[in-house]
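Protein chains in written order, with the numbering used here: chain A, -12 to 146; chain G, -12 to 146. Beta carbons are placed, not taken as given, at the ideal position from N, Cα and C, and that holds for glycine.
Number of protein chains: 2
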Amino acid sequence: MGGRNRTRNNREIERKFLVKWLPDNFKRSRHFIIEQGYLATEPTGRQVRLRKTNKSVSLTFKVARSSHREEREIKLSQNQFAALWPGTVGRRLRKARYEIPWQDVLIELDIYRGRHAGLLVAEVEFPNRASCRRFKPPSWFGREVTGGKRYSNVRLALE
Amino acid sequence: MGGRNRTRNNREIERKFLVKWLPDNFKRSRHFIIEQGYLATEPTGRQVRLRKTNKSVSLTFKVARSSHREEREIKLSQNQFAALWPGTVGRRLRKARYEIPWQDVLIELDIYRGRHAGLLVAEVEFPNRASCRRFKPPSWFGREVTGGKRYSNVRLALE
């Protein structure tokens, strides 16, 4: 996720759910297309990701183990991005992201494009553990898949 | 290596040798300290490396299989580097590099520091395959270790 909320050591607290149906009026939310690809990924969850949106291009280093993550992100210039992007051939994915306010948090609804079209996933990042525990998912959320590898972006990009 | 010579598709032709003894007057050659660390490495040879010298900081994506390599490198700003470098903790190495002209090529002699102190490795990058075949190693070169994983920088950094 975008790295807005961090605990110490750049760790994130977030939960991830499949989506049963698209919520009313979701198209009115702020949204944009995300294209991303992976330069290298380790089975233990270390990864280096390139991402392009309509606003900016970035490189992100992540260590992703269960619900705890370390994340370090830098903005790239267009030239830096163009030099590295070909290294992600065959390891890319595209999705439309909708940012939907819900209670005291922001839900990121990802609608996958391309060969994963039809897959809908929602992520919520929490400012602290208490907020994470308090969270009541909206009715359109399906099964929680936090920490599961099946719907990780790395796996979707590589398969 | 620094990426001076490339065939199509950013592939490099290079050979790597252990070093039996330090050549006469090597200290007069151009030299500098290299500090590098790995954000992520795959067993198949894909890797993302950060490198810092007295001149610049860079991020390099490599696919390294046997004697053929794909390499994509970008210069980073000091801020970009500082944001990513902590992600390489426990996966770093330091060495002094001496650039020694020999016949029509440049030998890169690496003198490792820190826990690999005592290890000496020489690399030669060739402008084309003919030059690679013609190469006669100088007397101070030892066993060729091209393509071997034992002396790869990734392995040295991780062990």
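Which of helix, strand or coil DSSP assigns to residue i
i        : result
Val132/A : coil
Phe13/A  : helix
Val76/A  : coil
Arg59/G  : strand
Ala104/G : coil
Ser54/G  : Annotation note: pLDDT 49 at Ser54/G (below 50); position unreliable, coordinate value reported separately. Coil at Ser54/G, not helix or strand.
In DSSP terms, what residue i is bridged to
i        : result
His18/G  : Tyr85/G
Gln34/A  : Thr28/A, Lys49/A
Val6/G   : Phe128/G
Gln23/A  : Arg38/A, Leu80/A
Asp97/A  : Arg84/A, Val108/A
Val44/A  : Lys39/A, Leu63/A
Val141/G : Answer is none; Val141/G lacks a bridge partner.
Glu1/A   : Glu112/A
Chain G contact residues for residue i, given Cβ-Cβ distances below 8 Å
i       : result
Glu29/A : Ala27, Thr28, Glu29
C-beta neighbour in chain G for residue i, strict 8 Å
i        : result
Arg152/A : As shown, chain A starts at -12 and ends at 146. That puts residue 152/A outside it, with no answer to give.
Phe48/A  : yes
Gln67/A  : yes
Arg59/A  : yes
Test: residue i CB closer than 8 Å to a CB of chain A
i        : result
Gly74/G  : yes
Leu71/G  : yes
Leu143/G : no
Interface flag, residue i vs chain C, CB-CB below 8 Å
i       : result
Asp91/G : Note that chain C does not occur in the displayed structure, where the protein chains are A and G.
Residue i, buried or exposed, once every other Cβ within 10 Å from all chains shown has been counted against 16
i        : result
Leu9/A   : exposed
Met117/G : The sequence as given places Ala at residue 117/G; Met does not occur at that position. By the 10 Å Cβ count, Ala117/G comes out exposed.
Ala109/G : buried
Leu145/G : exposed
Asp11/G  : exposed
Glu112/G : buried
Val76/G  : exposed
Ser45/G  : buried
Gly135/G : exposed
Ile20/G  : exposed
Gly105/G : exposed
Gln65/A  : exposed
Arg102/G : exposed
Glu167/G : Only positions -12 to 146 of chain G appear in this structure, which leaves residue 167/G out of reach.
Glu86/G  : exposed
Asp91/G  : exposed
Ala27/G  : buried
Arg33/G  : buried
Arg51/G  : The displayed chain sequence assigns Ala, not Arg, to residue 51/G. Answer is buried; the Cβ neighbour count reaches 16.
Lys49/A  : buried
Asn41/G  : exposed
Distance cut-off 7 Å: residue i Cβ against heavy atoms of the ligand COA
i        : result
Gly134/G : Looking for the ligand COA in the displayed structure turns up nothing, as the structure carries no ligands at all.
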